[in-house]
Amino acid sequence: MQDKIKITGAREHNLKNIDVELPRNKMVVFTGLSGSGKSSLAFDTIFAEGQRRYVESLSAYARQFLGGMQKPDVDEIEGLSPGISIDQKAHSANPRSTVATITEIYDYLRVLFARVGKPHCPVCGTKIEKMTTDEMNVHIIKALKTTVKNKIKDGTCTIFAPVVRGRKGEYYQMLYDMYNAGFLQVRVDGKMKSLREKILLSKNKKHTIEIVIDTPPITTAEMDNGEKQRLAEAIESAVDLSNGLCTVLFPNGEEVMYSTEYSCPKDGYSFPEIEPRLFSFNSPYGQCKDCTGLGTAELFSEELCKTCNGKRLNDHALSVKIGEKNIADIVGLTIEEAHTFFATVVDTLSEQEQDIVSAALREIQNRIQFLFNVGLHYVTLQRRAGTLSGGEAQRIRLASQVGQQLVGAMYVLDEPTIGLHQKDNDQLIQTLRNLCDIGNTIIVVEHDEDTILLSDWIVDIGPGAGVHGGNIVFSGPVNTLLNAHKKGKKSKKIEDIDCKVIGDPEQSITGKYLRREKHIALPKKRRKVDKYSPKIVVSGATEHNLKNIRVNIPLRRFVCLTGVSGSGKSTFMHKIVHRAIANKLHHVDKPIGAHKQIKGLEYIDKIIRIDQSAIGRTPRSNPATYTKAYDGIRDIFAATPEARIRGYKKGRFSFNRPGGRCEHCEGRGMLEIEMHFLPSVEIICDVCNGARFNKETLQVYYNKKNIAEVLQMTIEEAAEFFTDIPTISDKLSMLHQVGLGYLTLGQSAKTLSGGEAQRIKLSKELAKRNTTKTLYLLDEPTTGLHYEDVQKLITVIDRLVSLGNTVMVIEHNLDVIKCADWIIDLGPDGGDKGGEVVIEGTPEEVARCGFSHTGTYLRKILP
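Letter by letter, the sequence shown follows residues 18 to 880 of this note's numbering.
Put into structure tokens, the structure is as follows:
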């Protein structure tokens with residue numbers, strides 16, 4: 018196989034017919050301004066072509082179920098490996114999806130507990146051992162005496178052999194064989210049926226089939242030897258027929274299952290089969306019956322289920338233990354605690370048990386070690402996927418891939434350092450380099466300086482964004498870029514890399530920042546904070562790992578909340594500050610994080626959280642609809658002479674309702690193809706060719722452009738096109754000012770990164786006229802931003818603060834932190850070792866603090 022990936026004629030999105038060569042089995046970083054074309058090359062060209070080729074390699078029979086995949090707009094790609102894409106947008110919001118399930122740790126835990134778990138009686142806690150048929154007989158006779166005594170009347174008990182338990186199939190032949198063996202009755206899915214009749218079962222549904230062995234009469238008199246013998250024979254027959262199980266229906270309606278495998282010696286409590294599905298909260302055999310495995314009282318509630326107390330499983334599953342812990346106890350551990358537990362759990366197993374579960378233990382330990390290495394030591398295994406940040410979710414999905422130990426693969430990653438403090442960066446980068454060392458190619462879209470400097474090859478795309486980008490500014494060894502200003506000095510050639518170097522490193526904006534020829538300057542003057550400054554004071558904060566802290570948030574200032582991953586930043590900002598103030602000012606009814614009180618709310622009149630969630634409510638949302646600029650655009654088209662002659666109203670130009678839109682794609686412009694065992698793919702609608710509207714609507718023009726052509730304009734172009742209409746141009750100009758001029762007006766919300774969505778929300782706030790006395794909360798706003806874009810963001814934040822607002826951000830980017838008026842540093846570390854206020858003060862004061870990890874890195878960049 019070639020030692021390089023050669024791309025020829027890439028034209029996807031804004032890429033301008035570029036040619037580039039990338040070394041295989043090396044770490045390649047893609048840099049450039051937001052919207053320059055990095056993701057278009059990495060994900061929409063390289064990875065998409067790898068996925069398409071994989072589908073093409075399948076048999077014609079398999080392909081007929083998958084449909085067609087559109088070929089990226091590229092002439093040729095040589096030397097391509099099978100690709101694995103891990104971005105920030107694809108993490109699950111399914112309430113059943115957790116860190117343990119995403120990484121497959123839970124699957125291996127289920128196997129571990131099924132093979133070497135020790136069952137205990139849920140009633141008395143006694144360790145359960147196997148029960149013989151004689152012991153069953155004695156226990157049943159004793160139970161029958163009590164039942165008849167209480168019931169007074171005579172009756173019968175029924176002995177069943179559960180031959181099928183929750184399995185799919187028709188079972189016609191088996192039922193026929195049972196009839197031939199002399200059995201006359203059967204209970205199918207809880208209903209009694211005669212075996213003389215034809216029983217038809219759906220082969221696609223799960224069934225429980227129990228053969229009636231005998232129905233011995235029970236009287237108030239003492240059982241004679243004949244009756245005892247009849248009962249014993251029925252038990253033996255049931256156990257033989259069902260591989261160790263016997264179900265007894267007593268005269269009072271009580272039903273008990275006995276097992277030759279496990280049964281409590283004190284109260285006769287018998288365990289069901291101990292198999293992996295018993296520990297699945299997605300299976301009716303393992304899940305808590307009240308919450309069906311969700312762990313909460315209701316689907317969208319945060320209140321824990323009262324039956325299982327949030328553990329998701331039933332008593333059977335929770336009564337099986339390894340090393341004094343059940344499976345719910347283990348998934349309740351943090352990664353750091355689980356790391357310690359699994360390092361010692363092997364000592365609690367016998368040599369035979371160690372041999373049985375060695376493979377499962379190894380897989381669990383590998384994944385936990387990786388999660389620990391990439392700075393996720395504070396995350397619990399039971400943490401829901403929907404509560405993870407984009408960066409956390411990406412690193413967790415990477416753990417599941419690393420666990421596969423693939424060789425010869427190509428990983429395409431989107432900013433894996435998001436959410437990581439500089440302190441944790443080194444371990445993540447080393448993990449990526451280890452993947453290269455075992456024979457994989459790593460392609461990383463990244464802006465983090467440490468990641469760039471430790472890569473083997475850099476591809477800088479630009480020089481600008483959107484129509485001003487899409488070119489290779491520089492492609493070559495990182496050292497060549499760093500040494501570009503040193504005249505006459507040749508960079509050391511990396512051994513075994515034979516790729517063509519493209520472009521002039523001196524023209525790279527990224528290179529200028531890395532060489533310190535350009536930098537983000539400190540503010541000329543910080544806004545002063547003293548004891549007289551108005552502030553919000555939060556006291557007694559104890560939610561999650563916060564340790565009864567008191568925090569001062571100075572108002573009309575730019576405030577940075579810093580600290581290592583897991584130190585308590587998100588808990589403090591989102592669960593306490595946002596929810597408590599939103600509840601007071603806007604009557605938002607959400608559970609508030611534990612704290613004693615908040616003072617100073619008289620200084621603000623509203624609080625707005627600008628997060629990285631998708632804009633709008635559906636994928637149909639786009640920058641034009643979210644900012645309301647599209648309302649004005651539709652008004653203009655409805656007012657054109659052609660629209661008035663045809664009787665078209667404003668609604669005709671909406672792609673969300675019938676009338677003017679293309680009905681084949683329902684105004685989306687794209688058709689989604691279900692790929693079954695692969696991710697779904699989208700192809701351009703073959704009726705409207707991506708225009709979204711029908712041909713009649715597209716015959717209406719404004720300034721020589723129809724509505725589809727307007728939606729295909731970049732924001733920068735549209736702001737110029739509508740420059741004479743302030744109601745539209747003002748909104749679009751604000752989007753351009755926050756660095757989003759390269760986006761198209763009609764770009765779907767689901768194609769936007771979290772950082773882009775956040776800046777669109779910021780621009781909407783800036784466009785408002787009455788934004789004063791507002792507290793804005795932002796979580797890592799520099800996600801996806803190049804150095805040049807970070808400068809624009811700082812300017813936007815400064816403008817909001819200058820209007821009399823307060824901006825508080827959670828941030829790890831040192832260029833942003835150094836420009837803050839005030840820093841609140843939480844820590845000193847993550848999880849149980851965090852949750853305290855390390856220091857509050859100006860960047861200079863934090864840099865002088867010897868206990869602050871943030872201060873350590875600030876000292877390196879402050880004068």
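Cβ coordinates follow ideal geometry from the N, Cα and C atoms, glycine included. As the structure is a prediction and not an experimental result, all values here were calculated from the model.
As assigned by DSSP and simplified to three states, the class of residue i
i, result
"residue 254", "helix"
"residue 190", "helix"
"residue 331", "coil"
"residue 529", "helix"
"residue 63", "helix"
"residue 444", "helix"
"residue 275", "strand"
"residue 796", "strand"
"residue 688", "strand"
"residue 481", "coil"
"residue 770", "coil"
"residue 430", "strand"
"residue 505", "Low per-residue confidence applies at residue 505: pLDDT is 49, beneath 50, and the placement is therefore not dependable, though the value from the model is reported in the following sentence. Residue 505: coil per DSSP, three-state reduction."
"residue 145", "coil"
"residue 137", "strand"
"residue 759", "coil"
"residue 93", "strand"
"residue 869", "coil"
"residue 155", "helix"
"residue 462", "strand"
"residue 126", "helix"
"residue 76", "coil"
"residue 249", "helix"
Minimum C-alpha distance to residue i - residue among the options
i, options, result
"residue 784", "753, 772, 842, 773", "753"
"residue 349", "380, 362, 401", "401"
"residue 708", "685, 472, 633", "685"
"residue 613", "604, 568, 629", "568"
"residue 424", "432, 405, 455, 403", "455"
"residue 128", "68, 144, 344", "344"
"residue 781", "644, 230, 398", "644"
"residue 556", "548, 547, 570, 544", "570"
"residue 1", "308, 837, 120", "Within the shown structure, residues of the chain are numbered from 18 to 880, placing residue 1 beyond reach of any answer."
"residue 179", "139, 264, 322, 172", "264"
"residue 807", "872, 566, 465", "465"
"residue 46", "144, 262, 233, 430", "430"
Residues sharing a beta bridge with residue i, DSSP
i, result
"residue 476", "47, 492"
"residue 710", "678"
"residue 843", "854"
"residue 177", "229, 264"
"residue 304", "330"
"residue 211", "202"
"residue 580", "None, per the DSSP bridge assignment."
"residue 590", "DSSP lists no partner for residue 590."
"residue 39", "22"
"residue 224", "184"
"residue 558", "566"
"residue 719", "722"
"residue 571", "552"
"residue 27", "35, 91"
Closer than 8 Å to chain D by CB, residue i
i, result
"residue 68", "Although the question refers to chain D, the structure presented lacks it and comprises just one protein chain."
beta-carbon residue i near the ligand FMN non-hydrogen atom, thresh 7 Å
i, result
"residue 487", "In the structure on display, the ligand FMN does not appear, and there are no ligands present to speak of."
Q. Can at least three beta-carbon pairs, one atom from the segment 559-576 and one from the segment 375-388, be found at a separation below 8 Å?
A. As far as the Cβ criterion goes, the segment 559-576 does not touch the segment 375-388, which means the pair count is below three.
Q) With contact counted as at least three CB pairs below 8 Å, one residue from each stretch, are the segment 738-746 and the segment 763-771 in contact? A) Short answer: they don't touch.
Q.
Could you check whether the segment 265-282 touches the segment 142-160, counting it as contact only if at least three pairs of C-beta atoms, one from each stretch, sit closer than 8 Å?
A. Remark: three or more beta-carbon pairs, one from each stretch, lie closer than 8 Å, so the segment 265-282 and the segment 142-160 are flagged as touching.
Q) Can at least three beta-carbon pairs, one atom from the segment 808-816 and one from the segment 420-435, be found at a separation below 8 Å? A) no
Q | Within the segment 364-417, ranges of the beta strand (DSSP E) (whole runs, at least 3 residues) | A | none
Q. At a cut of 8 Å, does the segment 85-93 reach the segment 359-375 through at least three beta carbon pairs?
A. no
Q: Taking 8 Å as the threshold, find out whether the segment 431-450 comes into contact with the segment 110-121 through three or more Cβ pairs.
A: Note that the segment 431-450 does not touch the segment 110-121; fewer than 3 beta-carbon pairs, one per stretch, sit closer than 8 Å.
Q) At which residue ranges does the segment 614-666 contain complete beta strand (DSSP E) runs of 3 or more residues, listed in the order of the chain? A) 614-616, 623-627
Q) Pairing CB atoms from the segment 227-245 with CB atoms from the segment 196-208, are three or more of them under 8 Å? A) yes
Q.
I want to know whether the segment 582-594 touches the segment 609-626 - three or more CB-CB distances under 8 Å.
A. yes
Q) Does the segment 314-326 come close enough to the segment 352-363 that 3 or more CB-CB pairs lie under 8 Å? A) Counting Cβ pairs under 8 Å, fewer than three are found: no touch.
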